[in-house]
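Undergrad:
Protein chains: 2
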Amino acid sequence: MPKITIKDIAVESGFSLKTVSRVLNDEKYVKNSTKEKILKIIDDLNFEPDYFAKNLKSKKTRTIGLILGDIENPYYSSLSKGVIDYLEMRDYTTMLCNTNYNSEICNRYINALISKEIDGIILSSLKVPDKTIDKIISKNIPLVLIEVEYESFPDLDCINFDSYGAEVLAAEYLISLGHERIFYLVGPKILDVDVRVKGFRDTLKKHRIIFDNSYFSEPLISFEDGYACVKKMIESKSGFTAIIAVNDFIALGAMKAVYDMGLEIPRDISLIGFDDIKYSSISRVPLTTVSEPDYELGRLSAERLIRKIENPKERILPRKITIKPALIIRDSCKPNRFPN
Amino acid sequence: MPKITIKDIAVESGFSLKTVSRVLNDEKYVKNSTKEKILKIIDDLNFEPDYFAKNLKSKKTRTIGLILGDIENPYYSSLSKGVIDYLEMRDYTTMLCNTNYNSEICNRYINALISKEIDGIILSSLKVPDKTIDKIISKNIPLVLIEVEYESFPDLDCINFDSYGAEVLAAEYLISLGHERIFYLVGPKILDVDVRVKGFRDTLKKHRIIFDNSYFSEPLISFEDGYACVKKMIESKSGFTAIIAVNDFIALGAMKAVYDMGLEIPRDISLIGFDDIKYSSISRVPLTTVSEPDYELGRLSAERLIRKIENPKERILPRKITIKPALIIRDSCKPNRFPN
DNA sequence: CTGAAAGCGCTTACAG
DNA sequence: CTGAAAGCGCTTACAG
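Protein chains in written order, with our numbering: chain V, 1473 to 1812; chain S, 1473 to 1812.
Here it is, written out as structure tokens:
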């Protein structure tokens, strides 16, 4: 069965290709009666326009790419939902690209997206080489960043979160409870994790707390990583009295390790996360953490992207929206029993 | 700057369009020296083939669609990861379609996918109208189902999980602990939730336990739904001694409600989930549940789909793979204090 | 190993 | 309001 094309519709209806095309694209200047007639034939013949032929000229795919670190992390799944829900409403479809924090995969995805000529890209918290960003810009593809900044491109649209301030909040809280030996669970380098680490370090310094590299873990990605790392930490009797995790996903893995080792939170060790994912409120010990509005972050960035796509001429101010953190105090921290 | 096309490459190299095309597609029968020469020019001119023109004839997009209920549910995010990881390895990209369990959205996605001429579809646990399946089949689009069956299409490829057996396991366990008044937290209708409910009902019947519609909740979707439903249940002093939730996501919301109402698990109420998501092992009370290998389910279905796509002639047996459930006993259930 | 021609199924100017 | 022609940037089938 050969494919039905607009030519068939044209022949059947007695109108020209162009008129059929007009009806298809809901353009003006078509007499109502001819419109109806053509619509009926389209329906009868079950015709559907060919995606590729259509885009060969007009180049609008109504799909956008969302690039993120790890969909298994609830922070990202909630953020994705924020993006997808909004785009769905606007009749766009989204291509979700899961990089596993691997910059090579990330690059491959960006190239794939570009070659599929998607209408825009949302890049969530990943630090890719300047060259890659350059490519996106030079192709004139609308781009919105979430929670990353690029020094070389200060004008990029960005929905930001004050991660620095968040970690200051977390560290100050722990220090106010008398903790000085605080272990920091670091995230992968491709994340802009440096500003978080800096918030932590600066706060320790401010309080004249001496620290060294042993206060920082290797880069961790998953729940399981958090688990393994903290288990080792406990086994080595390091003497830390508190832990800050770069995100709740890892914090929850850490919490599991503490319990599996026969210890308790916060009795033996205090723990603070980052994100406030759902599961932190119903974890073994409700987790004290810094809340980040993941769903809204996603939604905001989607709104912004669509606005850029649909009004290419409107000069949207490259205003960075920065969302403020809030410390959610639950039960995973307590005063240090043995202050120095 | 006008777009660079293969014509430019042809002119520059002195070869024909076809030869350039051959190099691009890595076809045989190109002299090595000409290949190198053309490759160099492609590189120099920074040429990239146009996605739409390319597919206008050959119709291979190397992208597949994954349709699921709710990416926020960890079961689905883990499953997605299984799919995406495998496809990424095989150099396919995946389009994730989040339906929020809405069959209209689901239908719209399927149409969008078809019109984008994706290479295949994975449909995860959603029951859509026969007409929709018909459309996919008639377009000859490779399809793999996860955890749904369609009576009208017994020959569809399907990676299945024995949900019926799983709920029998759960119900038997609770009954063996002396529970008879067991509340069942039902999922959305678009899921093939009937077989789970049936496993539960049949087991009650087998033990001659009398039950009625009050044993079943309204269809629930999210963590928050589970929370609200169980809160109401407790407030109404219904007298249930145990709860089975259609998935862990909802079970965890239920758990939160129990604690927020000042009760405890399993002291006041026993709870069983379904899926064994990560967070169930580190929840307020470690959750007893039925494990389902979400990541593997995703991976298996992706493997199967690619096999169908790349060997369209090979008659893959429409063998349903059925994965067996296992009860994971943790701490959320205890013997009923007041057996009838 | 290489190429000239036709075609994929639409849309874009342009003309009326 | 409507249409004929050219073109988008590739690939296919055929010929040599």
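Even for Gly, the Cβ is constructed at its ideal location relative to N, Cα and C.
For Thr1760 of chain S, which option in S:Ile1481, S:Asp1748 and S:Val1665 has the closest C-alpha, if you only look at C-alpha atoms?
TA: S:Asp1748
Undergrad: Closest Cβ-Cβ distance between Ile1693 of chain V and chain S: below 8 Å?
TA: no
Undergrad: Identify whether Ile1778 of chain V lies in helix, strand or coil by the three-state DSSP scheme.
TA: DSSP places Ile1778 of chain V in helix when its eight states are reduced to three.
Undergrad: Note down the Cα distance separating Ser1587 of chain S from Ser1635 of chain V, rounded to an integer number of angstroms.
TA: Whole-angstrom Cα-Cα distance: 41 Å.
Undergrad: Cβ of Ser1505 of chain V less than 8 Å from any chain S Cβ?
TA: no
Undergrad: Could you round the C-beta distance between Leu1517 of chain V and Ile1476 of chain V to whole angstroms and report it? I think they count as a contact, below 8 Å.
TA: 5 Å
Undergrad: Verify the CB distance criterion: does Phe1524 of chain V have a CB-CB separation below 8 Å to chain S?
TA: yes
Undergrad: Using a Cβ-Cβ cut-off of 8 Å, state whether Lys1490 of chain V counts as contacting chain S.
TA: no
Undergrad: Thinking just about the alpha-carbon of each residue, which of V:Tyr1687, V:Val1667, V:Gly1554 and V:Gly1486 is nearest to the one in Phe1633 of chain V?
TA: If you compare the alpha carbons of V:Tyr1687, V:Val1667, V:Gly1554 and V:Gly1486 with that of Phe1633 of chain V, the shortest gap goes to V:Val1667.
Undergrad: Less than 8 Å between the CB atoms is what I'm expecting for Ile1608 of chain V and Ile1582 of chain V, so what's the real figure, rounded?
TA: 7 Å
Undergrad: Suppose only complete runs of 3+ residues qualify. What are the beta strand (DSSP E) ranges in the segment 1604 to 1628 of chain V, listed by chain order?
TA: Here the runs fully enclosed are 1615 to 1618.
Undergrad: Run down chain S in chain order and give the residues with a C-beta less than 7 Å from the C-beta of Ile1647 of chain V.
TA: Those do not exist, as Ile1647 of chain V stays about 26 Å from chain S at its closest Cβ, beyond 7 Å.
Undergrad: So, are the CB atoms of Phe1712 of chain V and Arg1653 of chain V less than 8 Å apart?
TA: yes
Undergrad: Classify Arg1756 of chain S: buried if its beta carbon has 16 or more other beta carbons within 10 angstroms, exposed otherwise.
TA: buried
Undergrad: Give the straight-line distance between the Cα atoms of Leu1540 of chain V and Asp1629 of chain S, rounded to the nearest whole angstrom.
TA: 31 Å
Undergrad: If we count the other Cβ atoms within 10 Å of its Cβ and call it buried at 16 or more, is Tyr1501 of chain V buried or exposed?
TA: exposed
Undergrad: Using only the alpha-carbon positions, how far apart do Thr1533 of chain V and Asn1570 of chain S sit?
TA: 18 Å
Undergrad: Tell me which same chain residues have a C-beta within less than 7 Å of the C-beta of Thr1604 of chain S, skipping the five on either side of it?
TA: Asn1579 and Ile1582
Undergrad: What are the start and end residues of each continuous alpha helix (DSSP H) run of 4 or more residues lying completely inside the segment 1494 to 1545 of chain V, in chain order?
TA: Within the segment 1494 to 1545 of chain V, the complete alpha helix (DSSP H) runs of at least 4 residues are 1504 to 1517 and 1523 to 1530.
Undergrad: With the cut-off set at 8 Å, would you say Ile1510 of chain S and Ser1549 of chain S are in Cβ contact?
TA: no
Undergrad: Residue range of the beta strand (DSSP E) that Asn1461 of chain V falls in?
TA: For residue 1461 of chain V there is no data in the structure shown, the boundaries of chain V being 1473 and 1812.
Undergrad: Verify whether the separation of the beta carbon atoms of Ala1798 of chain V and Ser1763 of chain V is less than 8 Å.
TA: yes
Undergrad: Could you tell me whether the segment 1659 to 1666 of chain S touches the segment 1792 to 1809 of chain S, using the rule of 3 or more Cβ pairs below 8 Å?
TA: no
Undergrad: Who are the Cβ neighbours of Val1555 of chain S in its own chain at under 8 Å, not counting the five residues just before and after it?
TA: Leu1538, Thr1566, Ile1594, Gly1770, Arg1771, Ser1773 and Ala1774
Undergrad: Leu1559 of chain V and Ile1536 of chain V look like a contact to me (Cβ under 8 Å); what is the Cβ gap, rounded to whole Å?
TA: 7 Å
Undergrad: Helix or strand or just coil, what does DSSP make of Gly1592 of chain S?
TA: strand
Undergrad: Can Ser1689 of chain S and Phe1721 of chain S be called in contact, C-beta distance under 8 Å?
TA: Result no, Cβ atoms of Ser1689 of chain S and Phe1721 of chain S do not sit closer than 8 Å.
Undergrad: Give a yes or no on whether 8 Å exceeds the smallest Cβ distance from Leu1568 of chain V to chain S.
TA: Under the Cβ criterion of 8 Å, Leu1568 of chain V is counted among the residues facing chain S.
Undergrad: Out of S:Ile1801, S:Arg1776 and S:Ala1726, which has the shortest C-alpha to C-alpha gap to Gly1592 of chain S?
TA: S:Arg1776
Undergrad: If Phe1524 of chain S and Phe1524 of chain V are in contact, beta carbons under 8 Å, what's the gap, nearest whole angstrom?
TA: Going by Cβ atoms, the distance from Phe1524 of chain S to Phe1524 of chain V rounds to 4 Å, so yes, they are a contact pair.
Undergrad: Given a cut-off of 8 Å, decide if Asp1766 of chain V and Tyr1573 of chain V are closer than it, judged by their beta-carbon atoms.
TA: no
Undergrad: If you measure from the beta carbon of Leu1528 of chain S to each beta carbon in chain V, is any gap under 8 Å?
TA: yes
Undergrad: Quick one, which of V:Glu1786, V:Arg1787 and V:Gly1745 has its alpha-carbon nearest Arg1802 of chain V's?
TA: V:Gly1745
Undergrad: Please report the straight-line C-alpha distance between Asn1527 of chain S and Lys1490 of chain S, rounded to a whole angstrom.
TA: Cα-Cα distance, rounded: 16 Å.
Undergrad: Where does Ser1708 of chain S fall in DSSP's three states?
TA: coil
Undergrad: Using a cut-off of 8 Å between C-beta atoms, extract the partners of Pro1546 of chain V located in chain S.
TA: Glu1544, Pro1546 and Ser1549
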